[in-house]
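Protein chains in written order, with this note's numbering: chain A, 261 to 578; chain B, 3 to 312. By construction, the Cβ of each residue, glycine as well, lies at the ideal position given by its N, Cα and C atoms. Note sheet for the following structure.
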Amino acid sequence: MNVVAGRVLATLGTAATVFVLATFATFALGAASGSNPAAVALGEVATQADIDRLNHLFGLDRPFLVRYLDWLGSALTGDLGTSWFTTIPVSDSIAQAFPVSLSIATGATLCALLGGMGLGILAAVTRGGVVDRLVTVLSSIATTVPAFVVAIALILVFGYAIPLFPVAGYVPPERDIGAWLTCLVLPSVALSLDAGADIARQLRTSLVGALTENYVIGARVHGLGPARIVFRHALPNATAPALSALGVHVPRLVGGAVITEVIFGMPGLGRLANTSALQGDVPVVQGVLLVAILVVVLSGIVINLIIRRSSGTDRSAA
Amino acid sequence: MTRASHAPGGVWTVRLALVLVAIVAVLAVAGPALAPLDPLAQDTGHLLQGTTPAHLLGTDYLGRDVLSRLLAGAPASLLSALAAALIGLVVGAVPGALSAFLPRVGEWLALRVVDALLALPFILFAIVFAALLGNGLVQATTAIGLLIAPGFFRVSRAATLRVRDAQYVEAATLLGASAWWVLGRHVWRQVAPTLVVASINALGSALLAVASLTFLGIGVQPPAPTWGGMLASDLGYLAQRPEGPLAPALAIVFTVGALNLLADAVRDRVGAVTARPRAPRATTKGPRAPRATTKGPRAPRATTKGLSRV
Chain A
261 MNVVAGRVLA TLGTAATVFV LATFATFALG AASGSNPAAV ALGEVATQAD
311 IDRLNHLFGL DRPFLVRYLD WLGSALTGDL GTSWFTTIPV SDSIAQAFPV
361 SLSIATGATL CALLGGMGLG ILAAVTRGGV VDRLVTVLSS IATTVPAFVV
411 AIALILVFGY AIPLFPVAGY VPPERDIGAW LTCLVLPSVA LSLDAGADIA
461 RQLRTSLVGA LTENYVIGAR VHGLGPARIV FRHALPNATA PALSALGVHV
511 PRLVGGAVIT EVIFGMPGLG RLANTSALQG DVPVVQGVLL VAILVVVLSG
561 IVINLIIRRS SGTDRSAA
Chain B
3 MTRASHAPGG VWTVRLALVL VAIVAVLAVA GPALAPLDPL AQDTGHLLQG
53 TTPAHLLGTD YLGRDVLSRL LAGAPASLLS ALAAALIGLV VGAVPGALSA
103 FLPRVGEWLA LRVVDALLAL PFILFAIVFA ALLGNGLVQA TTAIGLLIAP
153 GFFRVSRAAT LRVRDAQYVE AATLLGASAW WVLGRHVWRQ VAPTLVVASI
203 NALGSALLAV ASLTFLGIGV QPPAPTWGGM LASDLGYLAQ RPEGPLAPAL
253 AIVFTVGALN LLADAVRDRV GAVTARPRAP RATTKGPRAP RATTKGPRAP
303 RATTKGLSRV
């Protein structure tokens, strides 16, 4: 029990350090941009007096480190400041956009896990066969084709050739859950291909390794069926590399969502960051990045703990 | 052994990849000179046309020749990808190799900084970086280079760690050699092949990142042609010209695909060299062998993964 608590604490400590460093980089970027509220809100007509007045109003005349600690402190209580451009609280804008991005990211993760796991298992079981080669070729193609090309191809196929799914727009689940699910299909698939291909490859490699282990031969000698051997014996020992592949892909899923959101016309965090960065609206940008980093760090913790658990049982069994 | 069998295709795919990369390299330098027409010349009489003798790849929504824009856009896309990969190599690989010789506290800190950089959502951060710092191609290139650097750090650190514990390195250290001297004399030769593979991979992912940014309209001003920007403008006219995105998309996909094939080929070629110190493990045929061979080649692959994709 103590060992587990120690591991959890170590994971949390690392995650906290990463979080502080990443948010510091984000904040420093905003500060280094030289953008100021007067220039954003008033444009060219801003006089030096306006700039000074608004800088004081937003607390920008204080030292950099003080501002960072203040920002991080109030961010922990849910206050991310207000937009320089619209003076809407940043947390409100984010609360509006977050469910959209979360839906796409969750959909993409599910697609990647289901597709990647399925194809990986299929390839490992039919090792050396036609299916195995097909999966290998498909996954190397999927890592080469960028998400936005996939997205455009999907729009062409499902928007013009076979109009099955909507190609643009977002319907919140509380309005129509069916429409919500169908509008998520194409963006999720487009975003998931890369991660899915990686998971399939990692799982194939580790499962092929696991299937040649002695305990699998032992299970076969005992007369267990092939399905039971693959799913109950080999698979639990082979998932760790696939899961860590997913962990590597989480930041890319969160970041790649920007392009998917723009192509499919969805009002998510990525689009918010994109437009506000082009406007020079620093607080919004910093807030969005903070949330994105938080998501990445939290999912990193979860994936780490799952991997530790599965490798822990592995060790105790051996 | 296992690496060679994992490589998709044989010698001819490597040749094809080399030819493609050579073509792309020529385009990166001489693309604008090869363009048959002015890439910016608008022709309102011939909007959104398909393939015609005058316009081999058709025209876009302003009647501009797609082939000319594709050729004229090559340097911006390819050279900034090259610059980004170089920035990543310099900023990432040298500290990565040095980190293997740091004291424990410094090592821990360096790894946390790299973890923090890896936790940044790549494209999102690149967009913000480029847009906030002036929205130019230089800023976009710098952002992509800095974000690629952690991948190089990991690859070069992993390769250095493999050499660090070799006896001749230990002997050099005991004789009073500094970390820099050991790096320049011994480590460099072992790490360089890995870095070449990582650089080719990084070039591909940098190209994808540049294309993504220009697709979003970041890093370039509108009339200037880029592959990503062409995709974005074609997206609005899918109904009139559904084959529109094909040309820039294929240009991107073939370039990245050729780079990936090349990286695989180089990895197979130099894999024999870097694996030599640990050769016994790969050739043993005991009951434990399957595990060792599946674990062995995967480790370097997994560490280069960070670079292989955006």
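For residue j and residue i, the rounded distance between their alpha carbons
{"i": "S353 (chain A)", "j": "T386 (chain A)", "result": "49 Å"}
{"i": "D336 (chain A)", "j": "A95 (chain B)", "result": "This sequence places Leu at residue 336 (chain A); Asp is not what is there. Straight-line Cα distance between these residues: approximately 35 Å."}
{"i": "E245 (chain B)", "j": "S70 (chain B)", "result": "17 Å"}
{"i": "H128 (chain B)", "j": "A487 (chain A)", "result": "Note that residue 128 (chain B) corresponds to Ala in the displayed sequence, not to His. Cα-Cα distance, rounded: 45 Å."}
{"i": "A276 (chain A)", "j": "V551 (chain A)", "result": "14 Å"}
{"i": "D236 (chain B)", "j": "W440 (chain A)", "result": "27 Å"}
{"i": "G338 (chain A)", "j": "A460 (chain A)", "result": "38 Å"}
{"i": "D321 (chain A)", "j": "V548 (chain A)", "result": "23 Å"}
{"i": "D310 (chain A)", "j": "T404 (chain A)", "result": "50 Å"}
{"i": "W177 (chain B)", "j": "L88 (chain B)", "result": "Contrary to the premise, residue 177 (chain B) reads as Leu rather than Trp in this sequence. Between L177 (chain B) and L88 (chain B), the C-alpha separation is close to 34 Å."}
{"i": "L463 (chain A)", "j": "L340 (chain A)", "result": "41 Å"}
{"i": "G348 (chain A)", "j": "A355 (chain A)", "result": "The sequence shown places Ile at residue 348 (chain A), rather than the Gly named in the question. Cα-Cα distance, rounded: 12 Å."}
{"i": "L20 (chain B)", "j": "A102 (chain B)", "result": "34 Å"}
{"i": "A174 (chain B)", "j": "W182 (chain B)", "result": "12 Å"}
{"i": "L18 (chain B)", "j": "S158 (chain B)", "result": "29 Å"}
{"i": "P1 (chain B)", "j": "S214 (chain B)", "result": "Residue 1 (chain B) lies beyond the range of chain B shown here (3 to 312); nothing can be said about it."}
{"i": "L264 (chain B)", "j": "V16 (chain B)", "result": "6 Å"}
{"i": "A455 (chain A)", "j": "D312 (chain A)", "result": "48 Å"}
Cutoff 7 Å; reference residue i; Cβ partners in own chain excluding five residues on either side
{"i": "L451 (chain A)", "result": "I364, A368, A407, L513, G516, A517 and T520"}
{"i": "A505 (chain A)", "result": "D458, I459 and Q462"}
{"i": "F566 (chain A)", "result": "Correcting the residue type first, residue 566 (chain A) is Ile in the shown sequence and not Phe. Contacts found: L503."}
Min CB distance residue i to chain A below 8 Å
{"i": "G178 (chain B)", "result": "no"}
{"i": "A213 (chain B)", "result": "yes"}
{"i": "G94 (chain B)", "result": "no"}
{"i": "P279 (chain B)", "result": "At P279 (chain B), the pLDDT of 38 sits below 50, so the modelled position is not reliable and the matter cannot be decided from this model."}
{"i": "P244 (chain B)", "result": "yes"}
{"i": "V140 (chain B)", "result": "no"}
{"i": "F127 (chain B)", "result": "yes"}
{"i": "G147 (chain B)", "result": "no"}
CB contact below 8 Å: residue i versus chain B
{"i": "A270 (chain A)", "result": "no"}
{"i": "F408 (chain A)", "result": "yes"}
{"i": "V278 (chain A)", "result": "yes"}
{"i": "I564 (chain A)", "result": "Reading off the sequence, residue 564 (chain A) comes out as Asn, not Ile. Cβ-Cβ to chain B under 8 Å: no for N564 (chain A)."}
{"i": "A428 (chain A)", "result": "no"}
{"i": "Y420 (chain A)", "result": "yes"}
{"i": "I459 (chain A)", "result": "no"}
{"i": "G525 (chain A)", "result": "no"}
{"i": "S452 (chain A)", "result": "no"}
Beta-carbon proximity list for residue i, same chain, < 6 Å, skipping 5 on both sides
{"i": "L261 (chain B)", "result": "I202, L205 and G206"}
{"i": "S536 (chain A)", "result": "V544 and V545"}
{"i": "A86 (chain B)", "result": "T143, I146, G147 and A208"}
{"i": "S82 (chain B)", "result": "L139, T143 and V212"}
{"i": "T216 (chain B)", "result": "V222, T228, G230 and G231"}
{"i": "Y328 (chain A)", "result": "F287"}
{"i": "S361 (chain A)", "result": "A517, G528 and L529"}
{"i": "M526 (chain A)", "result": "V360 and Y430"}
Counted within 10 angstroms of its Cβ, other Cβ atoms place residue i as buried (16 or more) or exposed
{"i": "L370 (chain A)", "result": "exposed"}
{"i": "H188 (chain B)", "result": "buried"}
{"i": "R321 (chain B)", "result": "In the structure displayed, chain B extends from 3 to 312; residue 321 (chain B) sits before or after that span and is not available."}
{"i": "V390 (chain A)", "result": "exposed"}
{"i": "S180 (chain B)", "result": "exposed"}
{"i": "Q192 (chain B)", "result": "buried"}
{"i": "T307 (chain A)", "result": "exposed"}
{"i": "V130 (chain B)", "result": "buried"}
{"i": "A421 (chain A)", "result": "exposed"}
{"i": "Q141 (chain B)", "result": "buried"}
{"i": "I437 (chain A)", "result": "exposed"}
Beta-carbon proximity list for residue i, same chain, < 8 Å, skipping 5 on both sides
{"i": "I553 (chain A)", "result": "F279, A282, T283 and T286"}
{"i": "A494 (chain A)", "result": "L467, A470, L471, E473 and V476"}
{"i": "R583 (chain A)", "result": "The requested residue 583 (chain A) is not part of the displayed model; chain A covers only 261 to 578."}
{"i": "V275 (chain B)", "result": "Because V275 (chain B) carries a pLDDT of 45, less than 50, the predicted location of this residue cannot be relied on, and the following value inherits that uncertainty. Contacts found: P195."}
{"i": "P289 (chain B)", "result": "Confidence is the limiting factor: at P289 (chain B) the pLDDT is only 38, short of 50, which leaves the residue's position unreliable and the question unanswerable from this model."}
Quiz item: So does the region 468 to 478 of chain A actually touch the region 394 to 405 of chain A, counting three or more Cβ pairs closer than 8 Å?
Solution: The region 468 to 478 of chain A, when compared against the region 394 to 405 of chain A, does not touch it at the 8 Å Cβ threshold.
Quiz item: Between the region 126 to 135 of chain B and the region 64 to 79 of chain B, do at least 3 Cβ pairs fall closer than 8 Å?
Solution: With the cut-off at 8 Å, the region 126 to 135 of chain B and the region 64 to 79 of chain B do not touch.
Exercise. Would you check if there are 3 or more beta carbon pairs closer than 8 Å linking the region 407 to 418 of chain A to the region 445 to 460 of chain A?
Key: The region 407 to 418 of chain A, when compared against the region 445 to 460 of chain A, does touch it at the 8 Å Cβ threshold.
Quiz item: Per the contact definition of three or more C-beta pairs closer than 8 Å, is the region 146 to 165 of chain B in contact with the region 556 to 566 of chain A?
Solution: With a cut-off of 8 Å, the region 146 to 165 of chain B and the region 556 to 566 of chain A do not count as touching, because too few Cβ pairs lie within range.
Quiz item: How do the region 496 to 511 of chain A and the region 106 to 123 of chain B stand: do at least 3 beta-carbon pairs fall below 8 Å, yes or no?
Solution: Segments in contact, yes.
Quiz item: Does the region 248 to 263 of chain B come within contact of the region 21 to 28 of chain B, defined as at least 3 CB pairs closer than 8 Å?
Solution: Yes: the two stretches touch, three or more of their Cβ pairs being nearer than 8 Å.
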